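In the numbering used here, the protein residues as written are 377 to 640.
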């Protein structure tokens with residue numbers, strides 16, 4: 377009972393906009409501003425909408441505080457467009473990851489409010505201003521790691537976090553990282569992105585007073601094994617405040633960072 381109540385309170389704070397939307401729908405029906413058929417049609421699609429090739433989860437924001445995110449890779453442009461149009465009807469903020477410039481051009485012709493991050497390969501829609509709170513710090517070891525770092529940064533930002541970026545601060549020139557120690561001390565959560573040998577998160581973890589999410593990237597030479605080498609380094613870190621996500625998974629890191637940031 378106690379845990380259930382805490383879960384409800386925490387998530388109610390996160391999804392105020394979605395609950396307000398449902399409250400507005402039911403209030404309009406109560407006041408006779410919309411009929412039963414229209415109300416039932418909206419409620420019918422609230423849990424999920426079956427499109428045949430996809431079941432779009434419209435209930436996720438109510439359950440978790442964050443709407444469903446679209447992973448574009450492997451989907452046709454037509455499928456992504458239909459999924460986006462379905463999500464747009466029910467959500468204030470939308471994030472699409474692994475998006476190509478060609479896909480963005482197609483979606484932008486449908487909705488010119490969309491914003492594309494060429495580096496992070498993300499497409500975002502923020503219908504209204506949202507206060508960014510806390511402090512999530514995104515650190516990349518090298519310039520080549522920036523695409524993954526940007527995916528994390530965009531994800532954390534659209535999820536409500538105030539984001540700051542520190543790029544090209546790898547251990548080969550560790551003075552570049554140490555010069556940013558004040559920002560490291562102020563962060564609520566840090567995402568450390570690195571390829572090659574993947575040493576950056578361990579160093580950051582030894583400096584930071586907060587959780588560090590380590591992201592291995594597929595950047596490196598032969599025995600780097602497309603990201604396995606930094607992945608193993610990060611998994612074996614002796615810094616106790618580090619957790620690790622999958623190779624190139626900037627989205628997962630940014631999402632978790634935003635959740636940590638909002639609950640501290």
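Glycine included, each C-beta is placed from N, C-alpha and C at the ideal position. None of the values given here were measured: they were computed from a predicted structure.
Under the three-state DSSP convention, the category residue i falls into
{"i": "residue 538", "result": "strand"}
{"i": "residue 614", "result": "coil"}
{"i": "residue 598", "result": "helix"}
{"i": "residue 397", "result": "helix"}
{"i": "residue 589", "result": "strand"}
{"i": "residue 467", "result": "coil"}
{"i": "residue 460", "result": "helix"}
{"i": "residue 502", "result": "strand"}
{"i": "residue 417", "result": "helix"}
{"i": "residue 527", "result": "helix"}
{"i": "residue 514", "result": "strand"}
{"i": "residue 550", "result": "helix"}
{"i": "residue 425", "result": "strand"}
{"i": "residue 451", "result": "coil"}
{"i": "residue 565", "result": "strand"}
{"i": "residue 445", "result": "coil"}
{"i": "residue 579", "result": "helix"}
{"i": "residue 432", "result": "strand"}
{"i": "residue 584", "result": "coil"}
{"i": "residue 621", "result": "coil"}
{"i": "residue 570", "result": "strand"}
Beta carbon of residue i nearer than 8 Å to that of residue j
{"i": "residue 593", "j": "residue 524", "result": "yes"}
{"i": "residue 542", "j": "residue 579", "result": "no"}
{"i": "residue 462", "j": "residue 427", "result": "yes"}
{"i": "residue 495", "j": "residue 457", "result": "no"}
{"i": "residue 470", "j": "residue 443", "result": "yes"}
{"i": "residue 510", "j": "residue 638", "result": "yes"}
{"i": "residue 512", "j": "residue 584", "result": "no"}
{"i": "residue 603", "j": "residue 624", "result": "yes"}
{"i": "residue 508", "j": "residue 533", "result": "yes"}
{"i": "residue 499", "j": "residue 472", "result": "yes"}
{"i": "residue 464", "j": "residue 501", "result": "yes"}
{"i": "residue 447", "j": "residue 434", "result": "no"}
{"i": "residue 613", "j": "residue 577", "result": "yes"}
{"i": "residue 620", "j": "residue 601", "result": "no"}
{"i": "residue 536", "j": "residue 615", "result": "no"}
{"i": "residue 539", "j": "residue 529", "result": "yes"}
Cβ-Cβ separation, residue j to residue i (assumed contact under 8 Å), whole Å
{"i": "residue 566", "j": "residue 515", "result": "6 Å"}
{"i": "residue 605", "j": "residue 581", "result": "With a Cβ gap of about 18 Å, residue 605 and residue 581 do not count as contacting."}
{"i": "residue 630", "j": "residue 571", "result": "Incorrect: roughly 17 Å between the Cβ atoms, too far for contact."}
{"i": "residue 521", "j": "residue 569", "result": "5 Å"}
{"i": "residue 455", "j": "residue 430", "result": "7 Å"}
{"i": "residue 618", "j": "residue 590", "result": "5 Å"}
Buried versus exposed, by CB contacts within 10 Å (16 or more), residue i
{"i": "residue 611", "result": "exposed"}
{"i": "residue 627", "result": "buried"}
{"i": "residue 489", "result": "exposed"}
{"i": "residue 436", "result": "buried"}
{"i": "residue 389", "result": "Unreliable positioning characterises residue 389 in this predicted model, as indicated by a pLDDT of 45, which lies under 50. The coordinate reading is nonetheless provided below. The residue is exposed, with fewer than 16 neighbouring Cβ atoms inside 10 Å."}
{"i": "residue 439", "result": "exposed"}
{"i": "residue 379", "result": "For residue 379, the pLDDT reaches just 42, beneath the cut-off of 50, and the residue's location in the model is therefore unreliable, leaving the point undetermined."}
{"i": "residue 467", "result": "buried"}
{"i": "residue 486", "result": "exposed"}
Test: residue i CB closer than 8 Å to a CB of chain C
{"i": "residue 526", "result": "No chain C appears in the structure shown, which is made up of a single protein chain."}
Endpoints, the alpha helix (DSSP H) within which residue i is located
{"i": "residue 560", "result": "557-562"}
{"i": "residue 632", "result": "626-638"}
{"i": "residue 482", "result": "477-486"}
Residue i - containing beta strand (DSSP E), residue span
{"i": "residue 491", "result": "491-493"}
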